[in-house]
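In my numbering, the protein residues as written are 336 to 1158. Glycine residues also receive a C-beta, built at the ideal position from the N, C-alpha and C atoms.
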RNA sequence: GCGAGAGUGGCGGAACUGGCAGACGCGCCAGACUUAGGAUCUGGUGGGCAACCAUGGGGGUUCAAGUCCCCCCUCUCGCACCA
């Protein structure tokens, strides 16, 4: 054993050893409890960043800890390797996306992740851009197509002009592209969708069955799903046989309707304006609104505008004629794209009515009975009794909702419905570097799925990357032109690729049997390993990846491939790594390079600091001097072990006879504390602090020469310390373990248990308060009764002096801790 | 606006069912060893001379409040014309 800790040599040695021994290779073993620990796999951008270091350090502690506790731990890693940056690099530098991506993967695996000493089973590595993986995307797509879950439709979609592709709703934030923050526009296109809405109710219900998920993620998912119940009501359009159907959550206000509003995209616009004098003005209005980009369109502060179509519709409840308007705030893709407007009880309608001089009628009266349409300053949205509502007058509006709904259903012009904010997932991408959608268009046979035997539809390599015009696939004649699998006639391939979120929606299943070639995964292997016991990743995927993965799991279940409803039992969302109060970014110049830290201090220090500086869920403020502290701590442990190296290997650890020895006691307390901190929501920061305390105490204990009879205690302490350290700083732990004379790697050693007998106390320090203020402390034997404790406290001279002989009003005793004398 | 989370020394953060606020680390101060120290070790370190005062602010409950209750302020994140 070297005198001084040298992380570079130690780390290299053990990384090679683990690789040579295949220490972390696992197979299904029914005799052992399994544990599946997973960190979100990275996009191979070329370099890992501190967020990755933190993410994988957390996962590695969990995995190594569970291993030491006797679990058969599946801990895999792979690459989310389809995506735009590869294609952009191709356009800019002329490197093929495949070359760029595979080189990045090699670099990140061999030069970065492997240098971190992570306990992955590298034999299970997957890369989504390889046909061995993406063929199963295509296979799943075909199964979903058969079941009607994958379908094509023409609709208005989000278009990012910078990425030149369509985006799903989840991928637009405040009107901006999630990836490049460009302003998103609208386009009417024919696109492939996954019917995630068919699973909306189940996705919502199962939110209640995920107690291991952070509440805020579940809240975000519930909000995103956005279930609302209401009623659809048909209004007859005057002068035509057609009807206009609206959706409302407030059927209790149906008698207050004074006009209607429809979306500019509504298919009935043309019918409504036909032959009217304002027809051209309405068409122009619709055109203008539809040209607006998503950010403008959904800006809440935007002025509400509208235009009368010239046509009236009839409210079926009271047979009143109300004008039909087109409103710029009405959304085509929510509800029916048409709404009834009740200015008295809806703030938006109120403002709209005031602006255009439309009538206002109160139909819910408040408790003070002072609502008056003529004097109202804003809509009244509270509770009250229904008025001016025909047969429903006097009904409390809450009950009225149901009564009106029922009435409308009976009369045949209304029905109760559920509406979701969630839209179907648009998965077509007009880009090259993704999974080709396995569909062929035949002039004769129409849309024909690629037969399963013809999978995979491979991405052609010989395409051009110009960054202009259509995507490379659409421009490639060789790819596009094909024959119909049905009739053999000329046909054209679908040239869109799948959203890369498809890839990450089931990769956790692929890890269970990554080489399986008969199906996406081996059902038996998945039955053994699934679910993921602990999933760890960033909060930014709260409603993207995490929702899609839940959806896919249910679809895969319904395809009969897997028995389970949910993929991830427990979810840990780690905080960001920040520096100088801001997220690390090139533009701010506050990026800390993991390679630099690892080269300078070693991976163990990098891991230790990223776990020590904050609890995992919170943001972590990077501090270069804090890293020095972690480094110093490892040096201190090294020096401690080295001090006894050579004369302790043959010493047996202390047994119960050592009870009462302060270091022995502290050692067992530390085992208890570290174990509890890991079990209790992964409080790694306090677990490490506890180890530091033990080291400090061991330094004190061994400052002078240690007598021979105390060596067993020292042995116990050093053994435990190294075992506890092993999941956090595995390389140095291996080296020290060997230094203590062990021949088997600590990666396979057992986690220590604390001995309850060893932490029993014989004396306690009693805090004595007078009127709630600490006035004295005294050491008393443990296990005193309340009465004995009280006497001991009152006998204390300091307390006697303060109470001045007066009898206390009251004495509170907290056994073994505290006495409060109230005078 | 709605929802969630947070506010504790110079800094990152501890404090489990209410029971010694500030564990542990950084930084800082002093000392030791040193030609030297940005290495290492030892000690000290919330404020105040003190009584005392201190967990965003103000009330309250309690023998006792960072922790429980009420009101308010600030910050972060998510959602936000969803009818």
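Could you pull out every residue in the same chain whose Cβ sits closer than 8 Å to the Cβ of residue i, ignoring the five residues on either side in sequence?
i, result
"residue 994", "1000, 1092, 1093 and 1095"
"residue 1112", "1100, 1101, 1102 and 1103"
"residue 350", "449, 450, 452 and 1066"
"residue 713", "682 and 685"
"residue 938", "342, 346, 450, 451, 452 and 1066"
"residue 1019", "393, 396, 946, 947, 950, 951, 1012, 1013 and 1063"
So the beta strand (DSSP E) residue i belongs to, where does it begin and stop?
i, result
"residue 569", "563-572"
"residue 490", "485-495"
"residue 407", "407-409"
"residue 739", "Per DSSP, residue 739 belongs to no beta strand (DSSP E); it is in the alpha helix (DSSP H), 732-746."
"residue 1098", "1098-1105"
"residue 1062", "Neither: residue 1062 is in no beta strand (DSSP E) and is coded neither H nor E."
"residue 582", "578-583"
"residue 674", "673-676"
"residue 913", "912-914"
"residue 1116", "1108-1116"
Residues in its own chain within less than 6 Å of residue i by CB, not counting five upstream and five downstream?
i, result
"residue 549", "908"
"residue 887", "840 and 841"
"residue 1148", "1121, 1124, 1125 and 1154"
"residue 693", "593 and 594"
Assign residue i to buried or exposed, taking buried as 16 or more other Cβ atoms, counted over all protein chains shown, within 10 Å of its Cβ.
i, result
"residue 1081", "buried"
"residue 828", "buried"
"residue 796", "exposed"
"residue 1034", "exposed"
"residue 942", "buried"
"residue 1090", "buried"
"residue 736", "buried"
"residue 765", "buried"
"residue 1069", "buried"
"residue 515", "exposed"
For residue i, which residues of its own chain have a beta-carbon under 7 Å away from its beta-carbon, when the five flanking residues on both sides are left out?
i, result
"residue 336", "977, 980 and 1074"
"residue 314", "Residue 314 cannot be examined here, being either before or after the span of the chain that is shown, 336 to 1158."
"residue 539", "557, 560 and 562"
"residue 1036", "998"
"residue 1049", "979, 983, 1037 and 1041"
Are the CB atoms of residue j and residue i within a distance shorter than 9 Å?
i, j, result
"residue 474", "residue 772", "no"
"residue 481", "residue 784", "yes"
"residue 454", "residue 398", "yes"
"residue 388", "residue 929", "yes"
"residue 838", "residue 752", "no"
"residue 467", "residue 852", "yes"
"residue 911", "residue 371", "no"
"residue 722", "residue 699", "yes"
"residue 363", "residue 863", "yes"
"residue 932", "residue 962", "yes"
"residue 385", "residue 919", "yes"
"residue 588", "residue 680", "yes"
"residue 905", "residue 547", "yes"
"residue 1157", "residue 1083", "no"
"residue 973", "residue 1071", "yes"
"residue 663", "residue 639", "yes"
"residue 667", "residue 1086", "no"
Let's see if you can read the secondary structure: which residues bound the alpha helix (DSSP H) around residue i?
i, result
"residue 660", "Run containing residue 660: none in the alpha helix (DSSP H); it sits in the beta strand (DSSP E), 655-662."
"residue 442", "From DSSP, residue 442 is part of no alpha helix (DSSP H); its letter is neither H nor E."
"residue 1032", "1019-1036"
"residue 938", "938-947"
"residue 870", "That residue, residue 870, is in no alpha helix (DSSP H); its beta strand (DSSP E) goes 869-873."
Quick check: is any heavy atom of the ligand SAH less than 8 Å from the C-beta of residue i?
i, result
"residue 726", "Only the bare structure without any ligand can be found here, which leaves the ligand SAH out of the picture."
When the Cβ atoms of the region 568-581 are set against those of the region 596-612, are three or more pairs found closer than 8 Å?
yes
Are the region 368-376 and the region 859-877 touching by the rule of at least three beta carbon pairs closer than 8 Å?
yes
Determine contact between the region 625-636 and the region 510-517, defined as no fewer than three beta-carbon pairs at a distance below 8 Å.
yes
Report yes or no: do three or more beta-carbon pairs, one from the region 521-535 and one from the region 757-767, lie closer than 8 Å?
yes
Does the region 718-735 come close enough to the region 694-709 to have 3 or more Cβ pairs within less than 8 Å?
yes
Indicate whether the contact test is met: 3 or more Cβ pairs, each with one atom in the region 1001-1010 and one in the region 1055-1063, closer than 8 Å.
yes
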